[in-house]
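To keep things clear, I will list the structure first and then write my remarks on it.
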Amino acid sequence: MKKEFDFIAIGDITTDAFIKLKPENAHIVCDSMGKKCQICMNFGDKVEYESVTEIFAVGNSSNAAVSARRLGISSALVAHVGDDYYGTKKLETLKKEKVDTCFVKVHKNKKSNYHYVLWYEEERTILVKHEEYGYQLPDIGKPQWIYLSSLGENSISFHKDIAAFLQKNNEVLLAFQPGTFQIKLGYETLKELYGLSHLFFCNVEEAQKILKLKDRDIQKLLRALHNLGPKTVVVTDGPGGAYAFDGECMWHIPMYPDFAPPVDRTGAGDSFASTFTVMIFLGKTVPEALAYAPINSASVVQKIGAQEGLLSLDTLESWLKKAPENYKPKRIA
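Quick note on numbering: my numbering labels position 64 of the sequence shown as 65, and the sequence is numbered without any gaps.
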(Lines of atoms letter the chains of each structure in order from A; the text may use other names.)
(Lines give C-alpha, C1' and ligand atoms only; values in the text may rest on other atoms or scores of the structure.)
Protein backbone atom coordinates (compact mmCIF):
# COMPACT_ATOMS: atom_id res chain seq x y z
CA MET A 2 0.00 0.00 0.00
CA LYS A 3 1.31 3.45 -0.98
CA LYS A 4 2.23 5.65 1.95
CA GLU A 5 0.37 8.96 2.21
CA PHE A 6 2.70 11.66 3.48
CA ASP A 7 1.87 14.59 5.73
CA PHE A 8 4.23 16.93 3.89
CA ILE A 9 5.76 16.70 0.40
CA ALA A 10 8.26 19.37 -0.63
CA ILE A 11 8.85 20.07 -4.33
CA GLY A 12 11.95 21.89 -5.53
CA ASP A 13 15.57 21.67 -6.59
CA ILE A 14 18.22 20.18 -4.33
CA THR A 15 21.87 21.15 -4.28
CA THR A 16 25.21 20.93 -2.52
CA ASP A 17 26.41 24.21 -1.00
CA ALA A 18 30.16 24.80 -0.84
CA PHE A 19 30.70 27.45 1.85
CA ILE A 20 33.83 29.44 1.01
CA LYS A 21 34.72 31.42 4.11
CA LEU A 22 36.41 34.67 3.10
CA LYS A 23 39.08 36.28 5.24
CA PRO A 24 37.94 39.62 6.74
CA GLU A 25 40.91 41.47 5.29
CA ASN A 26 40.25 40.32 1.72
CA ALA A 27 36.78 41.82 1.22
CA HIS A 28 34.75 44.78 2.39
CA ILE A 29 31.08 45.72 2.62
CA VAL A 30 29.39 48.70 0.94
CA CYS A 31 26.32 50.07 2.71
CA ASP A 32 23.48 52.24 1.44
CA SER A 33 22.54 55.66 2.83
CA MET A 34 20.54 53.96 5.61
CA GLY A 35 23.52 51.87 6.70
CA LYS A 36 22.13 48.63 5.27
CA LYS A 37 24.77 46.22 3.92
CA CYS A 38 24.30 46.07 0.14
CA GLN A 39 27.44 44.80 -1.59
CA ILE A 40 30.45 42.65 -0.91
CA CYS A 41 33.54 43.90 -2.73
CA MET A 42 36.92 42.46 -3.64
CA ASN A 43 39.72 43.89 -5.77
CA PHE A 44 39.22 43.13 -9.45
CA GLY A 45 41.84 40.72 -10.82
CA ASP A 46 43.26 39.81 -7.40
CA LYS A 47 44.01 36.36 -6.07
CA VAL A 48 41.74 36.30 -3.02
CA GLU A 49 42.75 34.01 -0.18
CA TYR A 50 39.97 32.16 1.61
CA GLU A 51 39.91 30.66 5.08
CA SER A 52 38.08 27.34 4.55
CA VAL A 53 35.59 25.40 2.41
CA THR A 54 32.73 23.39 3.92
CA GLU A 55 30.43 21.27 1.74
CA ILE A 56 26.82 20.87 2.89
CA PHE A 57 24.82 18.21 1.06
CA ALA A 58 21.09 17.94 0.25
CA VAL A 59 20.19 21.58 0.77
CA GLY A 60 17.93 23.98 -1.11
CA ASN A 61 14.67 25.64 -0.09
CA SER A 62 12.49 22.57 -0.48
CA SER A 63 14.89 19.97 0.88
CA ASN A 64 15.52 22.25 3.88
CA ALA A 65 11.75 22.38 4.41
CA ALA A 66 11.41 18.58 4.14
CA VAL A 67 14.13 18.08 6.78
CA SER A 68 12.55 20.74 8.99
CA ALA A 69 9.13 19.07 8.81
CA ARG A 70 10.60 15.66 9.63
CA ARG A 71 12.51 16.99 12.64
CA LEU A 72 9.27 18.57 13.85
CA GLY A 73 7.74 15.11 13.89
CA ILE A 74 5.64 14.72 10.74
CA SER A 75 6.24 12.44 7.75
CA SER A 76 7.90 14.15 4.80
CA ALA A 77 9.15 13.38 1.32
CA LEU A 78 10.94 15.35 -1.38
CA VAL A 79 10.24 15.62 -5.12
CA ALA A 80 13.59 16.54 -6.67
CA HIS A 81 16.22 15.58 -9.24
CA VAL A 82 19.88 14.56 -8.90
CA GLY A 83 22.57 13.28 -11.21
CA ASP A 84 24.17 9.85 -10.90
CA ASP A 85 27.39 11.40 -9.59
CA TYR A 86 29.12 11.56 -6.21
CA TYR A 87 27.08 14.58 -5.10
CA GLY A 88 23.80 12.94 -6.07
CA THR A 89 24.70 9.93 -3.94
CA LYS A 90 25.67 12.12 -0.97
CA LYS A 91 22.36 14.01 -1.20
CA LEU A 92 20.34 10.80 -1.10
CA GLU A 93 22.40 9.51 1.84
CA THR A 94 21.85 12.77 3.75
CA LEU A 95 18.08 12.77 3.17
CA LYS A 96 17.79 9.14 4.28
CA LYS A 97 19.81 9.92 7.40
CA GLU A 98 17.29 12.70 8.15
CA LYS A 99 14.43 10.20 7.56
CA VAL A 100 13.08 12.22 4.63
CA ASP A 101 11.58 9.77 2.13
CA THR A 102 13.43 9.78 -1.21
CA CYS A 103 11.00 7.69 -3.26
CA PHE A 104 10.18 10.75 -5.41
CA VAL A 105 13.81 11.82 -5.99
CA LYS A 106 14.73 10.95 -9.58
CA VAL A 107 18.31 10.01 -10.39
CA HIS A 108 19.31 11.05 -13.94
CA LYS A 109 21.91 8.92 -15.70
CA ASN A 110 24.95 10.82 -16.98
CA LYS A 111 23.72 14.09 -15.48
CA LYS A 112 25.44 16.38 -12.99
CA SER A 113 23.87 17.26 -9.66
CA ASN A 114 23.32 20.89 -8.67
CA TYR A 115 26.31 22.47 -6.94
CA HIS A 116 26.35 26.04 -5.59
CA TYR A 117 29.18 28.21 -4.28
CA VAL A 118 28.50 30.25 -1.16
CA LEU A 119 30.73 33.26 -0.47
CA TRP A 120 30.59 33.43 3.32
CA TYR A 121 31.60 36.75 4.84
CA GLU A 122 30.81 37.62 8.46
CA GLU A 123 27.32 36.19 9.14
CA GLU A 124 25.99 36.70 5.61
CA ARG A 125 26.33 34.78 2.37
CA THR A 126 26.26 35.50 -1.35
CA ILE A 127 25.37 32.40 -3.33
CA LEU A 128 26.53 31.59 -6.88
CA VAL A 129 23.80 29.32 -8.23
CA LYS A 130 23.40 27.11 -11.28
CA HIS A 131 20.38 24.86 -11.80
CA GLU A 132 21.14 21.85 -14.00
CA GLU A 133 18.44 21.15 -16.57
CA TYR A 134 16.28 18.14 -15.73
CA GLY A 135 13.08 16.89 -17.32
CA TYR A 136 10.63 17.95 -14.61
CA GLN A 137 7.65 15.64 -14.13
CA LEU A 138 5.26 15.28 -11.23
CA PRO A 139 5.38 11.69 -9.97
CA ASP A 140 2.40 9.90 -8.47
CA ILE A 141 2.59 11.49 -5.01
CA GLY A 142 -0.78 10.25 -3.78
CA LYS A 143 -2.68 12.75 -1.66
CA PRO A 144 -0.42 14.38 0.93
CA GLN A 145 -1.97 16.78 3.40
CA TRP A 146 0.46 19.54 2.34
CA ILE A 147 2.59 20.35 -0.69
CA TYR A 148 5.42 22.80 -0.07
CA LEU A 149 6.64 24.38 -3.31
CA SER A 150 9.81 26.41 -3.68
CA SER A 151 12.83 27.03 -5.90
CA LEU A 152 12.98 25.35 -9.33
CA GLY A 153 15.11 25.86 -12.44
CA GLU A 154 14.31 27.99 -15.48
CA ASN A 155 12.95 25.13 -17.60
CA SER A 156 10.18 24.35 -15.11
CA ILE A 157 7.26 26.50 -16.33
CA SER A 158 5.22 23.53 -17.60
CA PHE A 159 5.99 21.69 -14.35
CA HIS A 160 4.36 24.51 -12.39
CA LYS A 161 1.24 24.05 -14.52
CA ASP A 162 1.25 20.32 -13.73
CA ILE A 163 1.39 21.09 -10.01
CA ALA A 164 -1.48 23.58 -10.35
CA ALA A 165 -3.55 20.99 -12.25
CA PHE A 166 -2.90 18.42 -9.50
CA LEU A 167 -4.03 20.86 -6.81
CA GLN A 168 -7.16 21.81 -8.74
CA LYS A 169 -8.05 18.12 -9.06
CA ASN A 170 -7.22 17.36 -5.41
CA ASN A 171 -8.53 20.41 -3.59
CA GLU A 172 -8.17 18.76 -0.19
CA VAL A 173 -4.36 18.99 -0.59
CA LEU A 174 -3.09 22.32 0.79
CA LEU A 175 -0.28 24.34 -0.79
CA ALA A 176 2.45 26.33 0.93
CA PHE A 177 4.28 28.42 -1.68
CA GLN A 178 7.67 30.00 -0.93
CA PRO A 179 8.82 31.25 -4.35
CA GLY A 180 12.50 31.05 -5.20
CA THR A 181 14.50 33.52 -7.29
CA PHE A 182 13.37 32.22 -10.69
CA GLN A 183 9.73 31.89 -9.62
CA ILE A 184 9.74 35.53 -8.48
CA LYS A 185 11.41 36.50 -11.77
CA LEU A 186 8.63 34.74 -13.70
CA GLY A 187 6.11 37.14 -12.19
CA TYR A 188 2.58 36.76 -10.95
CA GLU A 189 0.89 36.41 -14.35
CA THR A 190 2.85 33.28 -15.27
CA LEU A 191 2.16 31.59 -11.93
CA LYS A 192 -1.19 33.15 -11.04
CA GLU A 193 -2.88 29.74 -10.73
CA LEU A 194 -0.44 28.75 -7.99
CA TYR A 195 -0.84 32.08 -6.18
CA GLY A 196 -4.59 31.54 -6.22
CA LEU A 197 -4.26 27.96 -4.95
CA SER A 198 -1.89 28.85 -2.10
CA HIS A 199 -3.16 28.27 1.41
CA LEU A 200 0.05 29.81 2.75
CA PHE A 201 2.39 32.17 0.90
CA PHE A 202 5.85 33.23 2.14
CA CYS A 203 8.34 35.88 1.07
CA ASN A 204 10.43 38.68 2.54
CA VAL A 205 9.78 42.40 2.12
CA GLU A 206 12.17 42.86 -0.81
CA GLU A 207 10.68 39.85 -2.61
CA ALA A 208 7.17 41.22 -2.03
CA GLN A 209 8.20 44.49 -3.68
CA LYS A 210 9.56 42.58 -6.71
CA ILE A 211 6.45 40.42 -7.03
CA LEU A 212 4.14 43.41 -6.79
CA LYS A 213 6.43 45.74 -8.76
CA LEU A 214 6.17 48.29 -5.97
CA LYS A 215 8.77 50.54 -4.37
CA ASP A 216 6.50 51.21 -1.40
CA ARG A 217 7.80 49.45 1.72
CA ASP A 218 4.59 49.86 3.73
CA ILE A 219 4.13 46.36 5.19
CA GLN A 220 0.36 46.54 5.49
CA LYS A 221 0.02 47.62 1.87
CA LEU A 222 2.30 44.78 0.76
CA LEU A 223 0.36 42.22 2.78
CA ARG A 224 -2.98 43.34 1.37
CA ALA A 225 -1.67 43.46 -2.19
CA LEU A 226 -0.19 39.94 -1.93
CA HIS A 227 -3.42 38.64 -0.40
CA ASN A 228 -5.32 40.12 -3.35
CA LEU A 229 -3.28 37.85 -5.65
CA GLY A 230 -5.11 34.87 -4.17
CA PRO A 231 -3.28 33.27 -1.23
CA LYS A 232 -5.48 32.64 1.81
CA THR A 233 -2.75 33.63 4.30
CA VAL A 234 0.28 35.75 3.45
CA VAL A 235 3.42 35.82 5.62
CA VAL A 236 6.13 38.44 5.04
CA THR A 237 9.44 38.47 6.92
CA ASP A 238 11.44 41.63 7.56
CA GLY A 239 14.75 40.46 9.05
CA PRO A 240 15.44 42.30 12.33
CA GLY A 241 12.00 43.90 11.97
CA GLY A 242 10.30 40.58 12.68
CA ALA A 243 7.52 38.99 10.63
CA TYR A 244 3.94 39.71 9.61
CA ALA A 245 0.93 37.58 8.69
CA PHE A 246 -2.43 38.44 7.11
CA ASP A 247 -5.31 36.01 6.65
CA GLY A 248 -7.70 38.43 4.97
CA GLU A 249 -9.25 39.51 8.26
CA CYS A 250 -6.53 39.98 10.88
CA MET A 251 -2.98 41.26 10.48
CA TRP A 252 -0.32 40.16 12.98
CA HIS A 253 3.27 41.06 13.82
CA ILE A 254 5.89 39.16 15.82
CA PRO A 255 9.30 40.64 16.72
CA MET A 256 12.47 38.75 15.90
CA TYR A 257 13.29 36.09 18.48
CA PRO A 258 16.44 37.23 20.30
CA ASP A 259 19.59 35.63 18.91
CA PHE A 260 20.88 32.80 21.12
CA ALA A 261 24.36 34.13 20.31
CA PRO A 262 25.82 36.24 17.48
CA PRO A 263 24.71 34.64 14.16
CA VAL A 264 27.23 32.40 12.40
CA ASP A 265 25.51 32.07 9.00
CA ARG A 266 22.05 33.22 7.89
CA THR A 267 21.60 30.59 5.17
CA GLY A 268 18.24 28.83 5.52
CA ALA A 269 16.66 31.26 7.97
CA GLY A 270 13.74 31.91 5.62
CA ASP A 271 13.28 28.22 4.83
CA SER A 272 13.18 27.26 8.50
CA PHE A 273 10.70 30.04 9.22
CA ALA A 274 8.31 29.13 6.40
CA SER A 275 8.46 25.37 6.96
CA THR A 276 7.97 25.71 10.73
CA PHE A 277 4.98 28.00 10.22
CA THR A 278 3.48 25.47 7.78
CA VAL A 279 3.98 22.53 10.16
CA MET A 280 2.42 24.47 13.03
CA ILE A 281 -0.69 25.12 10.90
CA PHE A 282 -0.71 21.40 10.04
CA LEU A 283 -0.62 20.64 13.78
CA GLY A 284 -3.70 22.79 14.36
CA LYS A 285 -2.09 26.02 15.59
CA THR A 286 -3.67 29.38 14.78
CA VAL A 287 -1.94 31.94 12.56
CA PRO A 288 -0.62 34.02 15.52
CA GLU A 289 0.53 30.84 17.30
CA ALA A 290 2.39 29.65 14.20
CA LEU A 291 3.88 33.13 13.88
CA ALA A 292 5.37 32.75 17.38
CA TYR A 293 6.95 29.35 16.70
CA ALA A 294 8.56 30.05 13.32
CA PRO A 295 11.20 32.68 14.25
CA ILE A 296 12.63 30.41 16.95
CA ASN A 297 13.73 27.81 14.40
CA SER A 298 15.28 30.60 12.32
CA ALA A 299 17.16 31.86 15.37
CA SER A 300 18.56 28.37 15.87
CA VAL A 301 19.49 27.76 12.23
CA VAL A 302 21.67 30.89 12.02
CA GLN A 303 23.84 29.51 14.83
CA LYS A 304 25.23 26.79 12.53
CA ILE A 305 26.87 26.57 9.10
CA GLY A 306 24.30 25.69 6.47
CA ALA A 307 20.53 25.51 6.46
CA GLN A 308 19.82 22.26 8.32
CA GLU A 309 22.14 21.54 11.23
CA GLY A 310 20.36 23.99 13.55
CA LEU A 311 16.80 22.80 12.79
CA LEU A 312 14.97 21.94 16.03
CA SER A 313 12.67 19.19 17.24
CA LEU A 314 9.17 20.18 18.34
CA ASP A 315 10.02 19.61 22.03
CA THR A 316 13.07 21.88 21.83
CA LEU A 317 11.13 24.49 19.90
CA GLU A 318 8.43 24.54 22.57
CA SER A 319 11.00 24.78 25.35
CA TRP A 320 12.51 27.89 23.71
CA LEU A 321 9.04 29.39 23.29
CA LYS A 322 8.48 28.99 27.05
CA LYS A 323 11.76 30.86 27.66
CA ALA A 324 10.81 33.74 25.36
CA PRO A 325 11.09 37.27 26.75
CA GLU A 326 7.91 39.01 27.83
CA ASN A 327 7.74 41.22 24.73
CA TYR A 328 7.97 38.23 22.36
CA LYS A 329 4.28 37.89 21.57
CA PRO A 330 2.23 38.12 18.37
CA LYS A 331 0.44 41.45 18.27
CA ARG A 332 -2.56 42.27 16.13
CA ILE A 333 -1.84 45.41 14.10
CA ALA A 334 -4.96 45.58 11.88
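Note that beta-carbon positions come from the ideal geometry of N, C-alpha and C, so glycine has one too. Here the structure is a predicted model, which means the values were calculated and not measured.
- In the DSSP assignment, phenylalanine 273 falls within the unbroken alpha helix (DSSP H) covering 269–282.
- Selection Asp218, Leu191, Leu194 and Lys47 evaluated against asparagine 204 yields Asp218 as nearest (Cα-Cα).
- Taking all protein chains in view, the Cβ of phenylalanine 177 is crowded by 16 or more other Cβ atoms within 10 Å, so the residue is classified as buried.
- Lysine 215 counts as exposed, since fewer than 16 other C-beta atoms from the protein chains shown sit within 10 angstroms of its C-beta.
- In the DSSP assignment, serine 298 falls within the alpha helix (DSSP H) that extends over 287–301.
- Counting C-beta pairs with one atom in each stretch, the segment 232–244 and the segment 27–34 have fewer than three that are closer than 8 Å, which means they do not touch.
- Beyond the five residues adjoining it in sequence on each side, proline 139 comes within less than 6 Å, by CB distance, of Phe104 in the same chain, given in chain order.
- Non-local beta-carbon contacts of leucine 321 in its own chain, meaning distances under 7 Å to residues more than five positions away in sequence, involve Ala292, Tyr293 and Ile296 in chain order.
- Glutamine 168 carries a helical assignment under DSSP once its states are collapsed to helix, strand and coil.
- Residues Lys21 of the same chain have their beta carbon placed closer than 7 Å to that of serine 52, with the five preceding and five following residues left out of the count.
- In the DSSP assignment, threonine 126 falls within the unbroken beta strand (DSSP E) covering 124–128.
- Here the alpha carbons of serine 298 and phenylalanine 273 stand approximately 6 Å from one another.
- Under the Cβ criterion (8 Å, minimum of three pairs), the segment 72–85 counts as touching the segment 305–316.
- In this structure asparagine 64 does not touch glycine 310 by the C-beta definition: roughly 11 Å separates them, more than the 8 Å allowed.
- The continuous alpha helix (DSSP H) containing histidine 227 extends over residues 219–227.
- Cβ-Cβ distances below 6 Å link alanine 225 to Leu212 in the same chain, with the five nearest sequence neighbours on each side left out; the list follows chain order.
- In the three-state scheme derived from DSSP, where H, G and I count as helix and E and B as strand, phenylalanine 260 is classed as coil.
- When beta bridges are read from the DSSP output, tryptophan 146 appears opposite Phe8 and Leu174.
- Here DSSP, grouped into helix, strand and coil, assigns lysine 109 to coil.
- The segment 115–126 makes no contact with the segment 140–153, as fewer than three CB pairs between them are under 8 Å.
- Secondary structure of asparagine 204 (DSSP, three-state): strand.
- In its chain, beyond the 5 residues on either side, His116 have a beta carbon closer than 7 Å to the beta carbon of valine 129.
- Listed as beta-bridge partners of aspartate 17 by DSSP are Ile56 and His116.
- Alanine 334 sits in coil when the DSSP states are folded into three classes, being neither helix nor strand.
- Counting other Cβ atoms within 10 Å of its Cβ, valine 48 stays below 16 and is therefore classed as exposed.
- By the C-beta density criterion, proline 262 is exposed, having fewer than 16 other C-beta atoms within 10 angstroms.
- In the three-state scheme derived from DSSP, where H, G and I count as helix and E and B as strand, phenylalanine 159 is classed as helix.
- The shortest C-alpha to C-alpha distance from lysine 4 to any of Ile14, Thr102, Tyr86 and Gly88 is the one to Thr102.
- Ranked by Cα distance from valine 30, the options Ile157, Ile40 and Pro24 are led by Ile40.
- Here phenylalanine 44 carries a coil assignment [DSSP, helix/strand/coil].
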